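Engineer:
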Amino acid sequence: MTKTKCVDGKAFKRMFAAGTRWLERAVPEINAINVFPVPDGDTGTNMLLTMRSAVEEANGANGPVGEITRSMAYGALMGARGNSGVILSQLWRGIADALEGKDALDGSDLATALQKASDTVYSGLVHPVEGTILTVLR
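Residue numbers (the working numbering): -19 to 118.
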């Protein structure tokens, strides 16, 4: 087995397409634990619909990882559903901002992108609540 040190745009798209398929399998469990801010049982569904939109938008891009993440951010924003979808779209905006101009990403780039995503999401909320997806991201 070879160790991957960098992920290019094509591999990044494949990773998140696969991740979205895993999310689809987990939707019932996520919906079942959805209690905040409204216990309406739709967080998993909303996240899945948002991620599908992000992945679909990325499928139209064939460039470096910075271009792919920007297209995913746009797709997530345009397809955001519910509070969780809007938060997810902001997460992608932070990732895209951090990876702007990058051909590929390594572990250090990923850590930087996730920190930027967390900062972006938290700054976009008037009253961030811990014990939610925000805590997981942080």
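Yeah, the Cβ is synthetic: ideal placement off N, Cα and C, and Gly gets one too.
On a predicted model such as this, the values are computed, not experimentally measured, just so you know.
1. With a 10 Å radius around its C-beta and 16 neighbouring C-beta atoms as the bar for buried, classify TRP72 as buried or exposed.
2. Can you grab the Cα-Cα spacing for the pair THR25 / LEU57, in whole Å?
3. I'd like the list of long-range same chain contacts for ARG118, defined as Cβ closer than 8 angstroms, with 5 residues on each side in sequence excluded.
4. What's the gap between the Cα of GLY104 and the Cα of THR(-18)?
5. From the DSSP output, which residues share a beta bridge with ASP(-12)?
6. Going by the beta-carbon positions, is the gap between MET52 and ALA34 smaller than 7 angstroms?
7. Enumerated in chain order, which unbroken segments of the alpha helix (DSSP H) with a length of 4 residues or greater are wholly contained in the stretch 48 to 101?
Structural biologist: Checking against the coordinates, here is how it stands:
1. Position 92 of the sequence shown holds residue 72. Its Cβ being crowded by 16 or more others within 10 Å, TRP72 is buried.
2. Numbered from 1 along the sequence shown, position 45 holds the residue referred to as residue 25. Numbered from 1 along the sequence shown, position 77 holds the residue referred to as residue 57. When only Cα atoms are considered, THR25 and LEU57 end up about 16 angstroms apart.
3. Residue 118 sits at position 138 when you count from the first residue of the sequence shown. Sequence-distant Cβ neighbours of ARG118 in its own chain, meaning closer than 8 angstroms and more than five residues away, are SER98 and TYR102.
4. As a first step, residue 104 is located in the sequence shown; it is residue number 124 there, counting from the start. As a first step, residue -18 is located in the sequence shown; it is residue number 2 there, counting from the start. Distance between the alpha carbons of GLY104 and THR(-18) is about 40 angstroms.
5. In the sequence shown, residue -12 corresponds to position 8, counting from 1. DSSP, once it has assigned bridges, lists ALA84 as partnering ASP(-12).
6. One-based indexing of the sequence shown puts residue 52 at position 72. One-based indexing of the sequence shown puts residue 34 at position 54. In this structure, ALA34 lies closer than 7 angstroms to MET52 by Cβ.
7. If one requires a minimum length of 4 residues, the alpha helix (DSSP H) runs lying completely within the stretch 48 to 101 are 62 to 79, in chain order.
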